[in-house]
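The structure under discussion appears below in the form of structure tokens.
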Amino acid sequence: MTPPPDDLSGFSMLDLFKAEVETHAATLEQGLVDLEASPSSTALIEPLMRAAHSLKGAARIVGLNGVVGLAHAMEELLVKAQHGELLLGGGAIDLLLAGTDVLRRTGELQEGQTDAFFEERKADIAKLVGGLTAAADGSAVEAPPAPAAPPAAVSQAAAADPTTEVEAEPVAPKPKPTSAPAPAPSRAPATAVRIDPEVFTRMLSYAGESVVQARRLAEHTDAFDAVRRLLDRLDAQLAATRDRLRGEGVELPDPDPFESLRRETEVALQMLQERTQRLDESSRHAADLAGRMYRQVLSSRMRPFSEGVTNFPRLVRDLARELGKNVKFEIEGRDVPVDRDILERLDAPLNHMLRNACDHGLETPAERQAKGKFDVGMLRLEARHHAGMLDIRVEDDGRGVDLEALRSRIVERGMIRDDIARDLSESEMMEFLFLPGFSTRKEVTEISGRGVGLDVVHSMVRDAGGTVRAERRKPHGLRFLMILPITRSVIRVAVLQVAGEPFAFPLTHIESLVRVEVAQIRSIENRQSFELGGREIGLVPAAEVLGLKSKRKPTDTLYVVIVKSADAEYGLAIDRYLGEQSLVVRTLDPRLGAVANVSAVALDAEGQPIVIVDVQDLVRSVDSLLHDGRLRTIRATSRARSESRRQRKRVLVVDDSITVREVERKLLAGRGYDVDVCVDGADAWNTLRAQDYDLVVTDVDMPRMNGIELVRRIRDDARLRAIPIMIVSYKESEADRMRGLEAGANAYLTKSSFHDETLVREVVDLIGEPMAGDDE
Amino acid sequence: MEAEPDRKPTGDLQAEDHAAHLLSREPAPAYLDAWSRALRRELEKDDGSGRFGAGVIKVGEELFAVPTENVVEVHPLVPIRTLPGRATDVFRGLVSLRGEIHLCVSLHALFGLDAVEGAEGQASDARRLLVVRSGGERWALLVDAVLDFERFDPEAVRTSQVTVAKSAVHFTNGVIQTPAGPAALIEPRRLFEGLSRSLS
């Protein structure tokens, strides 16, 4: 049983230490980076000193003596600096950061790992302590040893860089540090309560269900109102009947029975009215409370932007040092509330963009001076709410993008004709930066020094439900603008009925809903389409794409939802439109794994589960159904397939770049293999589980599920384990090769293998000739 | 409609009708809840005799027993929503019970049994969703009836497999005698493994 949250007995001492390390290491890291920017602000040192001191005490309590000395040395150095006895230069900050890394790593240790950890790092830690002590004594020290656990590969490089200057300058006359303008010290984070995600999900479930139930109470009020109207009518009828009888001269007994009936009715009415009123009050109260609770639970998912960006100042600082650049990094909008989930998803793309800006965007001080710029480069990260969305900007005042070079590169790559390229607007040109395969480091450095994996950024932001674009910043530099939903917890959907059941389609992914008369539908080569606004749109039954049995009877009018991806537009025929709704998104039960065409699940207004359709995935499914001709008649295709399987070997090609996919498909189909394609690992995984293949050829870098993960999954699956796998990647290093082979790939080729027969030869080596028997 | 205790019947005319309906009316969900909880507590309690509690359920025409410690609740049927591309005879879809979404599975296909015919949509529908748990994992089992909760003597569990359907043997661990007849004792861990396999 999980202990109640106020009971700490269930936590080991190491757990408590871990929590303490997390807090203090973050303080140290952020504070040290701030301090480096204004070394004379002793006010910034105080919290750092306290953090080091607390860590020393905590380490001693849990018996991690290996780091007590380290924390002590850090504290000593900080104390001297606080007293103004010395100024902390970049070298000393490096040492302190390296020390923080070791402490942080210590906090991640599991019970039983500590001895081995300290044994392994004994020398490093001793060296670090020596360096810190020397710095505190005011003597010049050597570079810190490679950090025990670098947060990123770069910091290791930075530490190993022999050119790194290290100095702790002794200060002879005591300066007046208080006069130096100190930047605002990082504010203490609001106390947050940790909560088991499962408990949170359950709380959200109950809160959501309360809203549904409270709404049901209101329905009772309506029912009571109906009864009241009935009683009213009864009363009126009694009166009318009595009058009619009197009018016909009927002698009524005394006392008048109608009067007593009407009195009874009156009493019933009054009682009912009273009750209705009270029910009405209660239900409104319940609805209000349930609504408040629900919103409160939802909003507890929101965390300040600052929580997601704590690592960035350090990242930028380390990168800048490594690259020999001066960078002033600012973060605006630290308090802006952002959904925890979005915050997590932002980490990788932001990391990517900041690295890009440091590496390629911002110039060295010398280059900047030559251009007449201030030698310190500006890098800014800003978050704000705008028009109900979260706006995030990353901008720098570096070299930006050379539009003409970009234009010629686009033409050179054969992406667009020269005459058309000349008419492209700036924003249209910038779009190319995000295309898969457009920008690899080497290629783009030639034009702009920009764009390492921007397609990855693009797909990550899109997966988080947002958009990203780039624009040139005046007078210098580049700006990335991301627009994301403030929360992923609540989305607006259209509820559409497919095969008799409701499904939720996120509004942001629907182009429009139209009605199409059957007479308007054209049929070419068994594919149906209709015209809409001058465009020919392929028509596909939604039920078939979702693999459901349609119960719809033929009608003259079809309801069609128009969905769109980057390069395709389809009309999906549905049963009917049920309405628009806001849904609270819940993740699918992890036991289900990745489910094709489904992104999440929610409860609808009636409190019943409703599947939220992954429209992007659905469009891809339509693509591949059409490509295989599977869509026409499922029965015919499955027979044809089993026949061909007997003869031809089947290869599944997985790559997110359509070009690569097509090249591979053509090469292998040309040789005589039966080839299917998938657009990423998740797509492939779903396909593999449904069909049999003799070989998988996959890329490594793909959205949703990368190739390494795909290989691992296949190797972990009892049924699929034996399938040969070939990785074909741009990554040519030995390390990448090893990574692929270790995961379980049988062969690792680079994409240059397309130019000769290598790919096909390797495939034949692995699985033999396309026709079974030919090679035996 | 539910009778309210503080309201006196207003006319004698309907009194007989009221009385007739009194015993056959549907119990209120809250009442069912309270009693399910109370009974479960009672059965989970170790009465010192070493006996264990189990719920007797009907799948097709066969009886099975589920240890009480694995039973979370018994719920009337609710709509089952299909998960596209993943629905099978075993995994039927998603159900919402008290706002929590559960994976709903039918034991018939897993056990190789036929569903009870004619029950669908009838007022006397005895089918229930039995929510079971083991090691933090939960499933909503679609069963044809939940008959009773009883205590059994572990000594009385026999290893006979004669009465157990072939496919169900893997998920059970002996047979116990219940008032309704012999029931195969379900071994939740094995059942859950089987259910997990049915998902992929």
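From first to last, the protein sequence lines are chains A and B.
Taking the numbering used here, the leading residue of the first sequence gets 1, the next gets one more, and so forth.
Taking the numbering used here, the leading residue of the second sequence gets 1001, the next gets one more, and so forth.
For every residue, glycine included, the Cβ atom is placed at its ideal position computed from N, Cα and C.
List the residues of chain B that residue i touches, going by C-beta distances under 8 Å, in chain order.
{"i": "valine 394 of chain A", "result": "Going along chain B, no residue has its Cβ under 8 Å from valine 394 of chain A, so there is no contact; the nearest lies around 37 Å."}
{"i": "valine 595 of chain A", "result": "Leu1083, Pro1084, Gly1085, Arg1086"}
What residues from chain B crowd round residue i, counting only those whose CB sits closer than 7 Å?
{"i": "leucine 603 of chain A", "result": "Ser1096, Gly1099"}
{"i": "arginine 202 of chain A", "result": "Glu1100"}
Under the three-state reduction of DSSP, which class applies to residue i: helix, strand or coil?
{"i": "arginine 645 of chain A", "result": "Its pLDDT being 43, under 50, arginine 645 of chain A is placed unreliably by the model, and nothing is read from it."}
{"i": "alanine 1065 of chain B", "result": "strand"}
{"i": "threonine 637 of chain A", "result": "Reliability of the predicted coordinates at threonine 637 of chain A is poor, the pLDDT of 31 falling under 50, and the value obtained from them is presented with this limitation in mind. DSSP places threonine 637 of chain A in helix when its eight states are reduced to three."}
{"i": "arginine 787 of chain A", "result": "The question about residue 787 of chain A has no answer, for chain A in this structure spans 1 to 776."}
{"i": "serine 948 of chain B", "result": "Because chain B here runs from 1001 to 1200, residue 948 of chain B falls outside it and cannot be looked at."}
{"i": "leucine 548 of chain A", "result": "coil"}
{"i": "asparagine 1173 of chain B", "result": "strand"}
{"i": "lysine 328 of chain A", "result": "strand"}
{"i": "serine 459 of chain A", "result": "helix"}
{"i": "phenylalanine 1111 of chain B", "result": "helix"}
{"i": "glycine 1181 of chain B", "result": "strand"}
{"i": "proline 703 of chain A", "result": "coil"}
{"i": "serine 9 of chain A", "result": "Because serine 9 of chain A carries a pLDDT of 44, less than 50, the predicted location of this residue cannot be relied on, and no value is offered for it."}
{"i": "glutamate 511 of chain A", "result": "strand"}
{"i": "glutamine 581 of chain A", "result": "strand"}
{"i": "threonine 178 of chain A", "result": "Low per-residue confidence applies at threonine 178 of chain A: pLDDT is 41, beneath 50, and the placement is therefore not dependable, though the value from the model is reported in the following sentence. In this structure, threonine 178 of chain A counts as helix in the three-state DSSP scheme."}
{"i": "valine 1143 of chain B", "result": "strand"}
{"i": "glutamine 110 of chain A", "result": "coil"}
{"i": "tyrosine 777 of chain A", "result": "Any property of residue 777 of chain A remains undetermined from this structure, which presents chain A solely from 1 to 776."}
{"i": "glutamate 382 of chain A", "result": "strand"}
Quick one, which of the options has its alpha-carbon nearest residue i's?
{"i": "glycine 400 of chain A", "options": "A:Asp391, A:Val411, A:Leu379, A:Met389", "result": "A:Leu379"}
{"i": "threonine 974 of chain B", "options": "B:Arg1158, B:Thr1178, B:Pro1179", "result": "Missing from the structure shown is residue 974 of chain B; chain B here goes from 1001 to 1200 and no further."}
{"i": "alanine 383 of chain A", "options": "A:Glu431, A:Leu667, A:Ala464, A:Ile486", "result": "A:Ile486"}
{"i": "leucine 390 of chain A", "options": "A:Leu231, A:Pro304, A:Met430", "result": "A:Pro304"}
{"i": "serine 550 of chain A", "options": "A:Asp15, A:Ala499, A:Glu531, A:Glu36", "result": "A:Ala499"}
{"i": "alanine 37 of chain A", "options": "A:Leu88, A:Glu517, A:Asn356", "result": "A:Leu88"}
Kindly indicate the opening and closing residues of the beta strand (DSSP E) around residue i.
{"i": "valine 1072 of chain B", "result": "1071-1076"}
{"i": "serine 729 of chain A", "result": "725-729"}
{"i": "proline 502 of chain A", "result": "501-506"}
{"i": "proline 770 of chain A", "result": "Segment: none, proline 770 of chain A is in no beta strand (DSSP E) and carries neither H nor E."}
{"i": "aspartate 339 of chain A", "result": "337-339"}
{"i": "tyrosine 559 of chain A", "result": "557-564"}
{"i": "leucine 779 of chain A", "result": "Within the shown structure, residues of chain A are numbered from 1 to 776, placing residue 779 of chain A beyond reach of any answer."}
{"i": "proline 485 of chain A", "result": "478-485"}
{"i": "threonine 467 of chain A", "result": "467-472"}
Start and end of the alpha helix (DSSP H) containing residue i?
{"i": "proline 1212 of chain B", "result": "Here chain B covers residues 1001 to 1200 and nothing more, so residue 1212 of chain B does not appear."}
{"i": "aspartate 396 of chain A", "result": "Aspartate 396 of chain A -> not in any alpha helix (DSSP H); beta strand (DSSP E) instead, spanning 389-396."}
{"i": "phenylalanine 374 of chain A", "result": "Looking at the DSSP string, phenylalanine 374 of chain A is not in any alpha helix (DSSP H), and its letter there is neither H nor E."}
{"i": "tyrosine 206 of chain A", "result": "197-247"}
{"i": "glutamine 497 of chain A", "result": "Looking at the DSSP string, glutamine 497 of chain A is not in any alpha helix (DSSP H); the run it does join, the beta strand (DSSP E), is 490-498."}
{"i": "threonine 698 of chain A", "result": "Looking at the DSSP string, threonine 698 of chain A is not in any alpha helix (DSSP H); the run it does join, the beta strand (DSSP E), is 695-698."}
{"i": "arginine 535 of chain A", "result": "Per DSSP, arginine 535 of chain A belongs to no alpha helix (DSSP H); it is in the beta strand (DSSP E), 535-541."}
{"i": "glutamine 528 of chain A", "result": "It is not in any alpha helix (DSSP H) - glutamine 528 of chain A instead sits in the beta strand (DSSP E) that spans 527-532."}
{"i": "proline 257 of chain A", "result": "257-299"}
Measuring only between beta-carbons, confirm whether residue i sits less than 9 Å from chain C.
{"i": "threonine 1068 of chain B", "result": "Of the protein chains in this structure, namely A and B, none is chain C."}
Please compile the residues from chain B whose C-beta is within a distance smaller than 9 Å of the C-beta of residue i.
{"i": "serine 205 of chain A", "result": "Ser1096, Arg1098, Gly1099, Glu1100, Ile1101"}
{"i": "valine 598 of chain A", "result": "Leu1083, Pro1084, Gly1085, Arg1086"}
{"i": "arginine 721 of chain A", "result": "Simply none; closest approach about 13 Å."}
{"i": "valine 679 of chain A", "result": "Those do not exist, as valine 679 of chain A stays about 17 Å from chain B at its closest Cβ, beyond 9 Å."}
Since residue i meets chain A, which of its residues come closer than 7 Å, beta carbon to beta carbon?
{"i": "serine 1106 of chain B", "result": "Near serine 1106 of chain B there are no residues of chain A at all, since even the closest Cβ is about 16 Å away, more than 7 Å."}
{"i": "threonine 1082 of chain B", "result": "Glu501, Leu548"}
For residue i, which residues in chain A fall below 9 Å Cβ to Cβ?
{"i": "serine 1196 of chain B", "result": "Arg591"}
Give the interface partners of residue i over in chain A, defined as CB-CB distance under 8 Å, in chain order.
{"i": "proline 1079 of chain B", "result": "Gln608"}
Below 8 Å, how does it come out for the segment 599-618 of chain A and the segment 518-537 of chain A: are there three or more Cβ pairs, yes or no?
Contact check between the segment 599-618 of chain A and the segment 518-537 of chain A: fewer than three CB pairs, one atom from each, fall below 8 Å, which does not count as touching.
Take every Cβ of the segment 316-326 of chain A, pair it with every Cβ of the segment 281-289 of chain A, and state whether three or more of those distances are shorter than 8 Å.
Flag = no, the segment 316-326 of chain A and the segment 281-289 of chain A do not touch.
The segment 110-129 of chain A in contact with the segment 58-68 of chain A per 3-pair CB rule at 8 Å
Because the criterion of three Cβ pairs below 8 Å is met, the segment 110-129 of chain A and the segment 58-68 of chain A touch.
Check whether the segment 749-767 of chain A touches the segment 723-730 of chain A, counting contact only when three or more Cβ pairs, one atom from each stretch, lie closer than 8 Å.
Output reads yes: the segment 723-730 of chain A touches the segment 749-767 of chain A.
Segment contact flag, the segment 1072-1092 of chain B with the segment 1173-1189 of chain B, C-beta cutoff 8 Å, min 3 pairs
No: fewer than three Cβ pairs fall under 8 Å.
Spell out a yes or no on whether the segment 289-302 of chain A and the segment 332-347 of chain A are touching, meaning 3 or more CB-CB pairs, one atom from each, closer than 8 Å.
Taking 8 Å as the limit for Cβ pairs, the verdict is that the segment 332-347 of chain A does touch the segment 289-302 of chain A.
Indicate whether the contact test is met: 3 or more Cβ pairs, each with one atom in the segment 699-713 of chain A and one in the segment 680-687 of chain A, closer than 8 Å.
The segment 699-713 of chain A, when compared against the segment 680-687 of chain A, does touch it at the 8 Å Cβ threshold.
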